[in-house]
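K.L.:
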Amino acid sequence: MTSETQPRVIKVDKSNLLDLKNACDEALREYLENKAGFRQSHRHTDTKLILGYLGCAFAAAGSYYGYIHPFELSTTKFWTAVSVFFYYLFNVLMMAYAYLVEKNTIFAGSKITPNGTQTIAVESSVKQYHPYYDMAFDMKVDHSKSASSASSAAPKKKATHQEFSTAFQYWFDEDGVLAQDAFEADIAKFLANTEATHLE
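Okay, so the sequence shown: first residue is 462 according to the numbering used here, each after it adds one.
#1: Mind checking whether Val602 and Ala620 have CB atoms under 9 angstroms apart?
#2: What is the rounded straight-line gap between the Cα of Pro531 and the Cα of Val553?
#3: Residue range of the alpha helix (DSSP H) that Ala542 falls in?
#4: Starting from the Cα of Gly498, find the closest Cα among Phe539, Gly513, Lys572 and give me that residue.
#5: On the CB-based measure, 16 or more other CB atoms within 10 Å of its CB, does Ser524 come out buried or exposed?
#6: Here's a check: name, in chain order, each residue in its chain whose Cβ is nearer than 8 angstroms to the Cβ of Ala643, leaving out the five neighbours to either side.
#7: Apply the 10 Å Cβ neighbour rule to Val583 and answer buried if 16 or more other Cβ atoms are within range, or exposed otherwise.
#8: Could you tell me which of Ala542, Gln501, Met555, Cys485 sits nearest to Lys666, measuring between CA atoms?
#9: Could you pull the DSSP bridge partners for Val638 from this structure?
#10: So who's on the other strand from Thr566, going by DSSP bridges?
#11: Since I believe Leu489 is in contact with Phe568 (beta carbons under 8 angstroms), could you give me their beta-carbon distance rounded to a whole number of angstroms?
#12: Return the residue from the list Asp486, Ala559, Leu479, Gln641 that minimises the CA-CA distance to Asp507.
#13: One question on the structure: do Tyr492 and Glu624 come within less than 9 angstroms of each other, judged by their Cβ atoms?
Structure below.
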């Protein structure tokens with residue numbers, strides 16, 4: 462007896478814009494990785510984790526040093542101050558990275574195509590009291606490793622930026638359930654539109 466895999470139902474509170482955005486973010490990541498063939502890069506997450514772990518390592522080292530040495534000693538106070546300084550430094554760096562580098566990026570990935578290596582970064586955002594899902598697709602294609610461009614005088618790398626916006630009402634029914642087919646059809650159209658700019 463075989464059982465068919467049922468698509469996962471995504472249901473949210475339609476009155477909460479953040480819930481709507483998070484649901485679309487999750488569905489978009491799944492589509493790009495599972496159906497569009499992109500392999501997700503975890504560079505942003507890994508960078509923030511490394512900075513966070515470094516901060517915790519300094520905090521733990523300072524705590525341990527203060528545990529095995531009397532706090533009244535000037536050396537203990539010095540190394541405690543050093544560990545606290547680096548703990549806050551790495552946390553500030555982590556927040557700065559998220560704000561200045563990662564920004565609103567919800568997916569970054571790449572895939573190999575006949576025309577070369579294609580990389581994509583997708584940002585999403587919502588504005589308060591504005592029920593629209595705003596997306597920005599940044600795509601780059603590196604033609605340097607493709608056979609078709611070996612003797613071509615065309616640029617080896619090409620980048621494009623496309624922005625799209627869709628009202629949540631087109632993707633969610635009255636009960637707040639995401640219409641996967643409609644959502645994925647629109648994402649496929651946006652992706653095709655972005656990819657087409659490389660052929661112009």
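Even for Gly, the Cβ is constructed at its ideal location relative to N, Cα and C.
P.N.:
Based on what the coordinates show:
#1: The residue labelled residue 602 in the question sits at position 141 within the sequence shown. The residue labelled residue 620 in the question sits at position 159 within the sequence shown. Yes; because the gap between Cβ atoms is below 9 angstroms, this pair is in contact.
#2: For the purposes of this step, residue 531 is taken as the residue at position 70 of the sequence shown. For the purposes of this step, residue 553 is taken as the residue at position 92 of the sequence shown. The alpha-carbon atoms of Pro531 and Val553 are separated by roughly 29 angstroms.
#3: Residue 542 sits at position 81 when you count from the first residue of the sequence shown. It spans 535–558 - the alpha helix (DSSP H) in which Ala542 sits, taken as one unbroken run.
#4: Start at 1 with the first residue of the sequence shown, and residue 498 comes out as number 37. Measuring from the Cα of Gly498, the nearest candidate turns out to be Lys572.
#5: Sequence index remark: in the sequence shown, residue 524 carries index 63 (1-based). Per the 10 Å Cβ criterion, exposed.
#6: Translated into positions along the sequence shown, residue 643 becomes position 182. The answer, listed in chain order, is Tyr631, Trp632.
#7: Numbered from 1 along the sequence shown, position 122 holds the residue referred to as residue 583. Under this definition Val583 is a buried residue.
#8: The chain is shown only over 462 to 661; residue 666 falls outside these bounds and no answer can be derived.
#9: Locating residue 638 in the sequence shown gives position 177, counting from the first residue. For Val638, which the question treats as bridged, DSSP gives the partners Lys472.
#10: Working through the sequence shown from its first residue, we reach residue 566 at position 105. Answer is Glu584, bridged to Thr566.
#11: Here residue 568 refers to the residue found at position 107 when the sequence shown is read from its first residue. Here residue 489 refers to the residue found at position 28 when the sequence shown is read from its first residue. About 7 angstroms; that satisfies the 8 angstroms criterion.
#12: Indexing the sequence shown from 1 puts residue 507 at position 46. Among Asp486, Ala559, Leu479, Gln641, the Cα nearest to that of Asp507 belongs to Ala559.
#13: As a working mapping, residue 492 is identified with position 31 in the sequence shown. As a working mapping, residue 624 is identified with position 163 in the sequence shown. No. Outside cutoff.
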